[in-house]
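Each residue of the sequence shown is one higher than the one before, starting from 36 at the first, in my numbering. Beta carbons are placed, not taken as given, at the ideal position from N, Cα and C, and that holds for glycine.
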Amino acid sequence: MIDFVYNTDFRLANKELFSRWITSVAVREGFLVNNLVFLFIDDNEILEMNKKFLNHDYYTDVITFGELKDNKISGDIAISIERVYENSKTYGVEFDDELKRVMVHGLLHIMGYNDKESKDKSIMSSKEMEAIKMFHVKQI
Numbered sequence: 036m037i038d039f040v041y042n043t044d045f046r047l048a049n050k051e052l053f054s055r056w057i058t059s060v061a062v063r064e065g066f067l068v069n070n071l072v073f074l075f076i077d078d079n080e081i082l083e084m085n086k087k088f089l090n091h092d093y094y095t096d097v098i099t100f101g102e103l104k105d106n107k108i109s110g111d112i113a114i115s116i117e118r119v120y121e122n123s124k125t126y127g128v129e130f131d132d133e134l135k136r137v138m139v140h141g142l143l144h145i146m147g148y149n150d151k152e153s154k155d156k157s158i159m160s161s162k163e164m165e166a167i168k169m170f171h172v173k174q175i
């Protein structure tokens with residue numbers, strides 16, 4: 036089950052399409068979605084989460100709390116819509132594409148991918164791009 040929770044005015048235009056896409060990305064990587072929640076929040080809320088849970092005093096676009104058990108993904112992925120918007124302007128990409136990238140970035144973390152080292156960042160970036168391309172392809 037995939038759920039979307041909104042603590043901002045933002046709403047996904049098509050939750051079912053995003054659910055199918057996230058499920059397809061997971062299956063492509065060899066996982067099943069058990070229970071996944073995407074929480075869309077503002078900068079202040081993600082800053083508080085970053086301080087409280089990670090001891091980081093700065094804004095971020097996504098924070099992931101997840102569990103992988105028997106190839107089943109469960110977790111919460113908190114996304115700052117304000118950061119996604121700023122990222123899209125900074126990197127010159129469409130808001131929708133940056134939103135997809137951030138959503139799948141959180142998912143990839145639950146799957147065990149990391150982005151601390153440059154080699155790992157490159158792999159994760161490649162996986163993000165593959166996933167974004169899957170969005171308009173016929174999905175499960």
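So residue i and residue j are in contact, right, with Cβ under 8 Å, and what is the actual spacing, rounded?
i: I81; j: T95; result: 6 Å
i: I114; j: V139; result: So it is not a contact: roughly 11 Å between Cβ atoms.
i: V68; j: I37; result: 6 Å
i: I145; j: I108; result: 5 Å
i: D78; j: R118; result: 6 Å
i: L143; j: I57; result: Incorrect: roughly 11 Å between the Cβ atoms, too far for contact.
Determine the direct distance from the alpha carbon of residue j to that of residue i, and round the result to whole angstroms.
i: K100; j: A166; result: Here residue 100 turns out to be Phe, not Lys, going by the sequence shown. When rounded, the distance between both Cα atoms is 20 Å.
i: L103; j: R63; result: 15 Å
i: H91; j: F170; result: 32 Å
i: N27; j: S161; result: The shown model of the chain, from 36 to 175, leaves out residue 27, and the question about it has no answer.
i: I112; j: F66; result: 17 Å
i: K168; j: K151; result: 24 Å
i: K86; j: N70; result: 25 Å
i: V172; j: Y93; result: Low local confidence applies: a pLDDT of 46 at V172 is under 50, so the model's placement there is unreliable, and no value is given.
Tell me which same chain residues have a C-beta within less than 8 Å of the C-beta of residue i, skipping the five on either side of it?
i: V40; result: V72, F73, L74 and F75
i: D155; result: Y148 and N149
Where do the N-terminal and C-terminal ends of the alpha helix (DSSP H) with residue i fall, by residue?
i: I93; result: The residue you asked about is not Ile; residue 93 is Tyr in the sequence shown. Run containing Y93: none; DSSP gives neither H nor E here.
i: V137; result: F130 to I145
i: D155; result: S153 to M169
i: Y148; result: Unbroken run through Y148: none, as it is neither H nor E.
i: R118; result: I116 to Y126
Would you say the beta carbon of residue i comes nearer than 8 Å to a heavy atom of the ligand SAH?
i: S115; result: Among the components modelled here there is no ligand, and therefore nothing to report on the ligand SAH.
Grab me the residues of residue i's own chain with a C-beta within less than 6 Å of its C-beta, minus the 5 sequence neighbours each way, in chain order.
i: S123; result: F130 and E133
i: L89; result: none
How would you write the range of the beta strand (DSSP E) that residue i sits in, first residue to last?
i: K50; result: Element bounds for K50: not the beta strand (DSSP E) but the alpha helix (DSSP H), K50 to R63.
i: N69; result: L67 to I76
Which residues in the same chain as residue i place their Cβ atom closer than 7 Å to its Cβ, once the five residues preceding and following it in sequence are excluded?
i: K50; result: F39
i: M84; result: I98 and A113
i: L52; result: none
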